[in-house]
Amino acid sequence: MSAQAVSPEGSARLAAWTEAELGVEGTVRDVVRAPAGVLSSRGADVDPTAPEIVRLAADLVATMRVSPGCVGLAANQVGEGVRVFCVDVTEHPKARTTHGTFVLCNAEVVESSRNEKAREGCMSVPDFTGDVKRASRVTVRGWIPGTGEEVLVATDAFEARALQHEIDHTDGLLFLDRVAGAHAIYPRQTYL
């Protein structure tokens with residue numbers, strides 16, 4: 014992919030973002046599980062300033078916050094076929110670079126490098142994990158809900174993986190679509 018000029022302002026703007034900017038309280042929503050059709054369909058692009066998208070953004074953050082171990086949630090995981098997701102890897106031990114909690118609309122990877130394989134799980138596929146090869150460094154373009162500001166954010170390690178996982182959701186893909194085969198899928202471990 015072609016090199017993009019990533020200004021530090023994009024990353025700083027994203028790191029400074031809080032859900033309070035949305036101006037609405039989020040409602041916790043039920044998470045849809047595979048094989049629901051909404052999970053395998055590409056979401057529609059959205060107007061990030063539309064009131065219903067701002068409310069959806071707040072709902073995604075609220076739902077992510079009450080879900081143990083959740084580091085990201087896409088709109089289609091709550092039954093909405095649109096290209097919106099939230100991420101927060103701040104507390105994850107594998108995270109190096111973090112931008113806190115944020116929501117992006119119509120996001121896409123514009124640059125990537127250094128593919129690595131690692132284990133992934135998903136709230137929409139609660140019984141399994143799988144080994145997925147993804148770029149360990151990415152630059153992502155997206156729009157902030159509410160203000161509609163375009164941002165370019167460069168990140169790495171676990172946050173890069175989480176972004177790619179959520180962008181896949183908005184494209185109608187699950188991590189199971191990315192594993193090398195049945196040998197790379199495992200029953201999820203439950204620890205008491």
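Plus 13 on top of the position in the sequence shown (first one is 1) and you've got this note's numbering. Note that CB positions come from ideal geometry on N, CA and C, so glycine has one too. Nothing here was measured: the structure is a model prediction, and the numbers come from that model.
Taking all protein chains shown into account, do 16 or more other C-beta atoms lie within 10 angstroms of the C-beta of residue i, making it buried, or fewer, making it exposed?
i: residue 89; result: buried
i: residue 137; result: buried
i: residue 101; result: buried
i: residue 121; result: exposed
i: residue 196; result: exposed
i: residue 145; result: buried
Under a three-way DSSP split, which group does residue i fall into?
i: residue 172; result: helix
i: residue 44; result: coil
i: residue 114; result: coil
i: residue 132; result: strand
i: residue 67; result: helix
i: residue 180; result: helix
i: residue 143; result: strand
i: residue 29; result: helix
i: residue 138; result: strand
i: residue 193; result: coil
i: residue 75; result: helix
Below 7 Å CB to CB, which residues in the same chain sit around residue i once its five sequence neighbours on both sides are set aside?
i: residue 118; result: 59, 61, 66, 96, 97, 155, 156 and 158
i: residue 164; result: 23, 26, 27, 155 and 157
i: residue 107; result: 170 and 171
i: residue 17; result: Residue placement at residue 17 is poorly supported in this model, since its pLDDT is 44, which falls under 50; the coordinates still yield a value, given next. Within the same chain, residue 17 has close Cβ partners 123, 124, 152 and 165.
Would you check whether the ligand PLP has a heavy atom nearer than 7 Å to the C-beta of residue i?
i: residue 168; result: With respect to small molecules bound, the structure shown includes none, and the ligand PLP cannot be examined in it.
Can you name, in chain order, every residue of its own chain whose Cβ lies under 8 Å from the Cβ of residue i, other than the five neighbours on each side?
i: residue 169; result: 109, 110, 149, 150 and 151
i: residue 185; result: 52, 53, 54, 55, 56 and 89
i: residue 190; result: 181
Would you report the Cα separation of residue i and residue j, rounded to the nearest angstrom?
i: residue 174; j: residue 55; result: 19 Å
i: residue 27; j: residue 34; result: 12 Å
i: residue 104; j: residue 46; result: 25 Å
i: residue 178; j: residue 115; result: 15 Å
i: residue 142; j: residue 133; result: 5 Å
i: residue 131; j: residue 162; result: 32 Å
i: residue 147; j: residue 128; result: 5 Å
i: residue 113; j: residue 194; result: 33 Å
i: residue 73; j: residue 37; result: 12 Å
i: residue 39; j: residue 63; result: 15 Å
i: residue 77; j: residue 180; result: 16 Å
i: residue 198; j: residue 140; result: 10 Å
i: residue 84; j: residue 176; result: 10 Å
Going by DSSP, what residues sit across from residue i in a beta bridge?
i: residue 154; result: 121 and 165
i: residue 148; result: 128
i: residue 99; result: 86 and 116
By Cβ distance, which residues of its chain are closer than 6 Å to residue i, with the 5 residues on each side in sequence left out?
i: residue 166; result: 23, 24, 27 and 153
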